[in-house]
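Take a look at the structure below.
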Amino acid sequence: MLSRRRLPLSRLDFQATGRRSPWLGLLLCALAAAVLLDQIARWQLAAEQGRALQTEAARLAALQQRLARQQAAAQPAPRDPRLLAAQAKQALALSPVLAALESHWQPRLALLKLDLSLEGNQLALSLEARSLDDVLALLAALASDARFVQPKLLSYASKQDASVSPKPIQATLEMRWEAAP
């Protein structure tokens, strides 16, 4: 028969031994929470300081602009009578001419170039129109206004590189203007 051999029994211990105390782990968790709260507080403080710096920079920029305007206003006016006369003529002469020209303008016209000469009251216009009739209508309207003297059509040409039909017209007008009608 078979021999029975006894297998050694392992010794099982079902009794728990004493564990280490959880105080070290709890202490490390508390320390990590304290460091986290400190970092959040520092981040909030840095954000608040950044907003304060931006506000201060905006205030200083406004102050600098105000001081620059005050310095420009405090500069003495030029004493040269020719310079004063030229500045007054430039300030007063152009706005009535442009307003009069605008009153005769038509939506089918495009202004390409405007040359104003205060000496001799010369005005030259380069414009583009859909047709020559539009240019001639503007010329007739300017001729009927007493503020514009001898308006004339210097040149006109059909724009060859345009892809639309009919081809737009480029024209140049020249005239003198009177300061008051």
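Everything in the sequence shown is counted per my numbering, starting at 793 for the first residue and increasing by one. Just so you know, even glycine gets a beta-carbon here, dropped at the ideal spot from N, CA and C.
At the level of alpha carbons, what is the spacing between residue i and residue j?
i: SER955; j: ARG922; result: 13 Å
i: GLY817; j: LEU829; result: 18 Å
i: LYS951; j: MET967; result: 24 Å
i: GLU848; j: GLU840; result: 12 Å
i: ALA833; j: LEU855; result: 33 Å
i: ALA935; j: LEU928; result: 10 Å
i: PRO814; j: GLN831; result: 26 Å
i: LEU930; j: ALA877; result: 33 Å
i: LEU924; j: GLN867; result: 52 Å
i: ALA838; j: GLN846; result: 12 Å
i: LEU890; j: ALA865; result: 28 Å
i: LEU915; j: SER909; result: 6 Å
i: ALA789; j: GLY842; result: In this structure the chain extends from 793 to 973, so residue 789 is not present and cannot be described.
i: LEU965; j: PHE940; result: 12 Å
i: LEU901; j: LYS881; result: 29 Å
i: LEU903; j: LEU886; result: 17 Å
i: LEU875; j: GLU911; result: 15 Å
i: TRP969; j: GLN857; result: 40 Å
i: ALA892; j: ASP907; result: 15 Å
i: ALA933; j: GLN942; result: 12 Å
i: GLN836; j: PRO888; result: 60 Å
Could you give the first and the last residue of the continuous alpha helix (DSSP H) run that contains residue i?
i: ARG861; result: 815 to 866
Can you name the residues that DSSP bridges to residue i?
i: GLN882; result: According to DSSP, GLN882 bridges with nothing at all.
i: ARG968; result: GLN914, VAL941
i: ALA891; result: Per DSSP, none; premise fails for ALA891.
i: ALA963; result: LEU919, TYR948
How close, in whole Å, do the beta carbons of residue i and residue j come, if the pair is a contact with beta carbons under 8 Å?
i: ASP926; j: GLN898; result: 6 Å
i: LYS905; j: SER918; result: 4 Å
i: GLN873; j: GLU920; result: The identity of residue 873 in the sequence shown is Pro, whereas the question assumes Gln. No, PRO873 and GLU920 are not in contact; Cβ-Cβ is about 42 Å, not under 8 Å.
Which residue spans inside the stretch 893 to 953 form an unbroken beta strand (DSSP E) run of at least 3?
-> 901 to 909, 914 to 921, 940 to 950
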